[in-house]
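Undergrad: Here it is, the structure, as structure tokens.
In this note's numbering, the protein residues as written are 230 to 438.
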């Protein structure tokens, strides 16, 4: 009886993605090229939002751009061929929403803190109203600047997750390391994210049992 045929070795996340899903087409790949190291943890999802959350979680473990890789795939070959990797409109909308939310939160906090402090010190209604308005404006600016970038990844892997949602049929996010300790910490970070399937592979892209 013939032995079980082994899949050929691969060294890059993109090659593993093509091997695992030959019916899909690559839309986006992070730079630098995601190359496997001794230990690699690959998270698979069908949501660009989950992929983005995974990249943010892994970014807390390493600031090495080569340590985190992303490949996004689509079943639509025509749209995949014409699609620019990063979707500018999706990025703008995402950041715009965070600016609005951060600004509103900052405005409320600024109004309460500054207005409350002035009310206690001066006990003047006019001064308090002015302080509330000024605090709200100040807080809106601070919140609108800080909040959009809080919890955002800084590497190219993060940027490559901004793909039109209707194109995403599979997204692979990989953590590459030579340290078992780092791998386990990365696994614990990804365990908190729903809708991720985790697979550990070796330097040849073969599943570790």
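Yeah, the Cβ is synthetic: ideal placement off N, Cα and C, and Gly gets one too.
These figures come from a predicted structure and were not determined experimentally.
1. Classify residue 405: buried if its beta carbon has 16 or more other beta carbons within 10 angstroms, exposed otherwise.
2. Put residue 395 into one of helix, strand or coil per three-state DSSP.
3. Is the Cβ-Cβ distance between residue 271 and residue 399 less than 8 Å?
4. Buried or exposed: which applies to residue 389, given that a residue is buried once 16 or more other Cβ atoms fall within 10 Å of its Cβ?
5. Check whether the Cβ atoms of residue 300 and residue 255 lie closer than 8 Å to each other.
6. Do you know whose CA, among 262, 250 and 409, lies nearest residue 303's CA?
7. Could you pull the start and end residues of the beta strand (DSSP E) that residue 258 belongs to?
8. In angstroms, rounded to a whole number, what distance separates the CA positions of residue 282 and residue 429?
9. Quick test of your reading: residue 264 and residue 241, contact by CB under 8 Å. State the CB separation rounded to the nearest angstrom.
10. What is the C-beta distance between residue 286 and residue 418, in whole angstroms, given that I count them as a contact (C-beta under 8 Å)?
11. Once you ignore the five residues that flank residue 416 on each side, which residues in its own chain have a CB closer than 7 Å to its CB?
12. Taking buried to mean at least 16 other C-beta atoms within 10 Å of its own C-beta, is residue 277 buried or exposed?
13. What three-state label does DSSP hand residue 429 in the structure shown?
14. Suppose you measure from the CA of residue 246 to the CA of residue 401; what does that come to, to the nearest Å?
15. What are the boundary residues of the beta strand (DSSP E) that residue 283 is part of?
16. So, residue 437 versus residue 279, is the Cβ gap smaller than 8 Å?
17. Just checking: is the beta-carbon of residue 276 within a distance shorter than 8 Å of some beta-carbon in chain D?
18. In three-state DSSP terms, what is residue 303?
TA: In brief:
1. buried
2. helix
3. Taking 8 Å as the Cβ cut-off, residue 271 and residue 399 do not qualify as a contacting pair.
4. buried
5. yes
6. 250
7. 254 to 258
8. Between residue 282 and residue 429, the C-alpha separation is close to 19 Å.
9. 6 Å
10. 4 Å
11. 270 and 427
12. buried
13. strand
14. 7 Å
15. First-last for residue 283: 277 to 288, but that is the alpha helix (DSSP H), not the beta strand (DSSP E).
16. no
17. The chain inventory of the structure shown lacks chain D, comprising one protein chain alone.
18. strand
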